[in-house]
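K.L.:
Take the sequence shown: its position 167, counted from the start at 1, is 327 in our numbering, and no numbers get skipped.
Could you have a look at this structure, given as structure tokens, before my questions?
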Amino acid sequence: MPKLIVFNHVSLDGYFTGPNGDLAWAYRGTDDPEYGAFVAQNASGGGRLLLGRITYDMMVRYWTTPEASRHSPAVAEGMNRMTKLVFSRTLENASWSNTKLLNGDPATEVRRIKSEPGPGIALLGSGQIVAQLATAGLIDEYQFVVDPVVLGGGRTMFAGLPTPLNLDLTQSRTFANGKVYLCYRPVQ
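Dropping the structure here:
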């Protein structure tokens, strides 16, 4: 059964996007060589990406550009190579290579995908989907990079959870740029 992992940057005050969807804050400190190697290693893995339409739109606009290939070649290569599963009720055609559109209920679709053989799945961004899948108990692991910034507003990826989500810390790593990687598994 493929494992579903959430990977997102979060601010110290718990937001994964700033006001108006801003994410520029998450890309500060990328000149740290150890952090750069961590990012490249994550991007070089196999598997599939799971995205909502808003995250997909943002990522396709950047990761398919020559600028992305120059600035982050390993990440751009991985993002463009990997299979993308995109939840959307409005997209009719995907413009990014290796993209499959899904328009059903996220929990039902992910349950089906996880019941079939295949590589692991990383859910990026997509806060509404994170909350739905967390509520359904379908997320196997939560990976966060906590960025040393306070945004004062934005979106949390857990809005609307009906009950607390208890997690066990399984890994942590601190980088010289102030970012901290945290990995959690749901308490069974």
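Idealized CB from N, CA, C, for every residue including glycine.
#1: Just how far apart, CA to CA, sit residue 239 and residue 323?
#2: Helix, strand or coil, according to DSSP, for residue 307 in the structure here?
#3: Roughly how many angstroms separate the alpha carbons of residue 220 and residue 257, rounded to a whole number?
#4: With a threshold of 8 angstroms on Cβ separation, who are the neighbours of residue 316 within its own chain once the five nearest residues in sequence on each side are excluded?
#5: Would you decide whether residue 236 is buried or exposed? Buried here means 16 or more other CB atoms lie within 10 Å of its CB.
#6: Who are residue 279's beta bridge partners in DSSP?
#7: If residue 208 and residue 161 are in contact, beta carbons under 8 angstroms, what's the gap, nearest whole angstrom?
#8: Have a look at residue 266 and residue 292 and give me their C-alpha separation to the nearest angstrom.
#9: With H, G and I counted as helix, E and B as strand and the rest as coil, what does DSSP make of residue 241?
#10: Measuring alpha carbon to alpha carbon, tell me which of 198, 290, 337 and 347 ends up nearest residue 320.
#11: Thinking C-beta only, is residue 165 closer than 8 angstroms to residue 331?
#12: Rounded to the nearest angstrom, what separates residue 294 and residue 178 at their Cα positions?
#13: By Cβ distance below 7 angstroms, which residues in the same chain neighbour residue 337 in space, the five residues on each side in sequence not counted?
#14: Confirm, please, whether the CB-CB distance from residue 284 to residue 215 is below 8 angstroms.
#15: Does DSSP put residue 269 in a helix, in a strand, or in coil?
#16: To the nearest angstrom, report how far apart residue 341 and residue 305 are at their CA atoms.
#17: In this structure, does DSSP put residue 324 in helix, strand or coil?
#18: Kindly identify the DSSP beta-bridge partner or partners of residue 108.
#19: Using three-state DSSP, classify residue 224 as helix, strand or coil.
P.N.:
Judging by the given coordinates:
#1: For the pair residue 239 and residue 323, the Cα-to-Cα distance works out to about 33 angstroms.
#2: Taken through DSSP and simplified to helix, strand or coil, residue 307 comes out as strand.
#3: It is roughly 9 angstroms from the alpha-carbon of residue 220 to the alpha-carbon of residue 257.
#4: For residue 316, where only same-chain residues beyond five positions count, the Cβ hits under 8 angstroms are 174, 175, 176 and 287.
#5: With 16 or more other Cβ atoms within 10 Å, it is buried.
#6: Partner(s): none; residue 279 has no beta bridge.
#7: About 14 angstroms separates the two Cβ atoms, so there is no contact after all.
#8: One C-alpha to the other measures close to 7 angstroms.
#9: Helix.
#10: Closest option to residue 320, Cα to Cα, is 290.
#11: No, the Cβ-Cβ distance between residue 331 and residue 165 is not below 8 angstroms.
#12: Across the structure, residue 294 and residue 178 are spaced so that their CA atoms are roughly 22 angstroms apart.
#13: For residue 337, where only same-chain residues beyond five positions count, the Cβ hits under 7 angstroms are 189, 192 and 195.
#14: Yes, they are a contact pair.
#15: When secondary structure is reduced to three states using DSSP, residue 269 falls in the helix class.
#16: Computed Cα separation, rounded: 4 angstroms.
#17: Three-state result, residue 324: coil.
#18: Residue 108 lies beyond the range of the chain shown here (161 to 348); nothing can be said about it.
#19: DSSP places residue 224 outside both helix and strand once states are collapsed to three, so it counts as coil.
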